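Residue numbers (the working numbering): 1 to 692. Beta carbons are placed, not taken as given, at the ideal position from N, Cα and C, and that holds for glycine. All of these numbers come straight from a predicted model, not from anything done at the bench. I have placed the structure first, in the form of structure tokens, so that the comments after it can refer back to it.
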């Protein structure tokens, strides 16, 4: 459980379900950065998003195998093609392979041979099901949950709503009160739909999704050999239990406040609150180092869990365990399981009619499970030293702009201002890839069984995570793999992290002018820096401790400005058919607005040093300011299927791209000046919101 704030949303969907293509593709270039690439029929002061993106949308409909499609789509294609090249080369090499080449090559071979996967996974799944069938008492739940956590990815992967792991999550986490310490952390979890509201909402669409989900559980259990009537009965029991777990969970908005999750408990206290679960047995089986205290994100959830264990019959729990096993294993099983899994989680939930080719799924899974192994080859091919040097300069310039901004805030007192600058100066910048690659020497991978490779890779990572407990914090560790098209701020280590995958066109291009790069990549950099000072990040000090360093009046002033943001973004989203909750998206919206201001300040400072201004025009007639704003708008040009749009608004802390772009520029007088917008036009706001 960490406070990681990222900039790009639904990346798994952005990078998923792409059409097959050869592994040799050209690096995509920035788009929409010249006067003839915008739509002159649309007034930029009325809808800047459509002004920037509508030509792209008309020429680029969503492919049949995509949930979304945007200008970042070609970059995800290119990144996966680079991974494919590295993985295929390692698999084809017959002699003299390095240890890393053996592991990634054999993993690739085990995944891409579908006939072998069909045969080998069936044997492994049968043994796993027999293990569950053999459970005779609820006292054995701890043993089975420990086994699932060690063999299926997710137990250590916290999320905005919960962990995807069966029943609950367990991980190593920094102590919220003392960032130098690493403690064991238990988090709520155990349900399969995106958030608790998918189980609890009473509207017609939510009921329809639950009915399809129930049919999906039935179909998956039938594939394990259950008769249809029994599978339907078990599916109803599973949905009932997952609904109870969702009901017991803390909602996604409340979880945004770290104070609500800062609950320390000794093992004895955990045992008293949840005596029906054998915690000592669980901790022993996952080989967790002993700890004096544990972080329990939601004590109410675990109290309710105890009641569920006591009151629900053993057979219902066994049905739940079978479902969790087959659900979490589905991507690594035989083709019928994969097809049924996609039928619900691809088609029904996200509206995608066609699945991605096998090689893309294998490349993504290799990156997910052994990211720093395959990442080494990606970095060598995709991220030259000149790119890292230029991005580093941009980061330093935008951090300097943040200090300039802090110094200029009239509402902030000198005492808080000094604390804010002290925190800013302590931010650690991590760009491209780790200084030291992860050691995979103890991980065994063979070409024989894909599912068993997944089990071993999961056990390796789960153990690596847990062995941090009781040891010093490593601020230099990365939480994303090098090819990832995303970035994040970690409040507990006070670090900003930009993988090589997001430092590519159309976000960053070393051949493009500064204005384009500051608008696209610079706004991302500013976004992550601002996360250190958003409504979550501001509650942590420069050392990563959960500590209030604001004066009471400054805190009140901040909250007043933050409310302006949350109120502004709380609005009906007609294209999604639901209303956006501005309290859910407040942190990301604050970071979007602050990030753009910082990037523009940094660009203006850079131009000033060259004797230029934002009003200077290029050969295409665009001013530097216009090029900057177009760079920002361009990277968010993204079309969504309606199902994805609805899911994002209900569960994702990022606003949809149209609202990210239009609301942000409407809060910036600099945008109005750049495009000659007049008072009364939609994107000229009299009561513009500003925090940073």
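By Cβ distance below 6 Å, which residues in the same chain neighbour residue i in space, the five residues on each side in sequence not counted?
| i | result |
| --- | --- |
| residue 25 | A caution first: residue 25 carries a pLDDT of 46, below 50, which makes its placement in the model too unreliable to give a value. |
| residue 517 | 508 |
| residue 688 | 667 |
| residue 445 | 103, 106, 107 and 453 |
| residue 602 | 397, 398 and 401 |
| residue 709 | What is shown of the chain runs 1 to 692, which leaves residue 709 out entirely. |
| residue 504 | 75 |
| residue 216 | 344 |
| residue 640 | 68 |
| residue 456 | 444 |
How many Å lie between residue i and residue j at the Cα?
| i | j | result |
| --- | --- | --- |
| residue 333 | residue 468 | 31 Å |
| residue 490 | residue 531 | 9 Å |
| residue 373 | residue 227 | 43 Å |
| residue 371 | residue 675 | 43 Å |
| residue 271 | residue 130 | 29 Å |
| residue 550 | residue 573 | 35 Å |
| residue 179 | residue 473 | 8 Å |
| residue 458 | residue 583 | 35 Å |
| residue 684 | residue 645 | 26 Å |
| residue 662 | residue 681 | 12 Å |
| residue 172 | residue 465 | 6 Å |
| residue 706 | residue 426 | The shown model of the chain, from 1 to 692, leaves out residue 706, and the question about it has no answer. |
| residue 240 | residue 128 | 23 Å |
| residue 164 | residue 155 | 7 Å |
| residue 93 | residue 576 | 49 Å |
| residue 256 | residue 250 | 10 Å |
| residue 116 | residue 448 | 8 Å |
| residue 64 | residue 364 | 19 Å |
| residue 259 | residue 285 | 31 Å |
| residue 375 | residue 430 | 15 Å |
| residue 276 | residue 308 | 9 Å |
| residue 671 | residue 210 | 44 Å |
| residue 600 | residue 552 | 30 Å |
| residue 150 | residue 433 | 27 Å |
| residue 220 | residue 478 | 35 Å |
| residue 436 | residue 42 | 49 Å |
| residue 462 | residue 59 | 44 Å |
| residue 498 | residue 595 | 15 Å |
| residue 199 | residue 212 | 12 Å |
Ordered along the chain, which non-local residues of its own chain (more than five positions away) have a Cβ less than 7 Å from that of residue i?
| i | result |
| --- | --- |
| residue 501 | 79, 482, 483, 484 and 485 |
| residue 590 | 530, 534, 535, 562, 565 and 691 |
| residue 218 | 231, 232 and 235 |
| residue 197 | 650 |
| residue 293 | 183, 264, 265 and 266 |
Any heavy atom of the ligand FAD closer than 7 Å to the beta-carbon of residue i?
| i | result |
| --- | --- |
| residue 42 | Ligands displayed in this structure: none; no statement on the ligand FAD is therefore possible. |
Quick one: what's residue i bridged to in DSSP?
| i | result |
| --- | --- |
| residue 571 | 580 |
| residue 639 | 69 |
| residue 432 | 499 |
| residue 388 | None; residue 388 has no bridge partner. |
| residue 546 | 540 |
| residue 617 | 623 |
Can you give me the Cβ contacts of residue i inside the same chain, cut-off strictly under 8 Å, excluding the 5 residues immediately before and after it?
| i | result |
| --- | --- |
| residue 647 | 194, 349 and 350 |
| residue 545 | 176, 177, 178 and 179 |
| residue 237 | 315, 316, 319 and 320 |
| residue 378 | 79, 82, 83, 86, 482, 483, 500 and 501 |
| residue 223 | 326, 336, 337 and 340 |
| residue 97 | 90 and 105 |
Identify every run of the beta strand (DSSP E) within the segment 466 to 526, keeping only runs that are complete inside it and at least 3 residues long; order them along the chain.
488 to 490 and 495 to 499
Below 8 Å, how does it come out for the segment 186 to 202 and the segment 246 to 255: are there three or more Cβ pairs, yes or no?
yes
Quick check for students: name the residue ranges of the beta strand (DSSP E) that lie wholly in the segment 136 to 200, counting only runs of 3 or more.
168 to 174 and 182 to 188
Determine contact between the segment 110 to 123 and the segment 397 to 406, defined as no fewer than three beta-carbon pairs at a distance below 8 Å.
no
Every unbroken alpha helix (DSSP H) inside the segment 197 to 243 [4 residues or more]:
197 to 200 and 204 to 223
With a floor of 3 residues, list each beta strand (DSSP E) that falls wholly inside the segment 258 to 333, ordered by position along the chain.
294 to 296
Do the segment 88 to 102 and the segment 53 to 73 touch if we need at least three Cβ pairs shorter than 8 Å?
no
Do three or more CB pairs link the segment 277 to 290 to the segment 132 to 146 at distances below 8 Å?
yes
Touch test, the segment 259 to 270 against the segment 292 to 302, Cβ-Cβ under 8 Å, three pairs minimum:
yes
Flag this pair as touching only if the segment 348 to 357 and the segment 434 to 442 have three or more C-beta atom pairs under 8 Å; answer yes or no.
no
Please list the segments of the beta strand (DSSP E) lying wholly inside the segment 636 to 682, counting only runs of 3 or more residues, in order along the chain.
638 to 640
Scan the segment 66 to 129 and note each continuous alpha helix (DSSP H) run of 4 residues or more that stays entirely inside, going in chain order.
73 to 92 and 99 to 112
Counting Cβ pairs, one atom from each stretch, are 3 or more of them under 8 Å apart for the segment 512 to 527 and the segment 630 to 637?
yes
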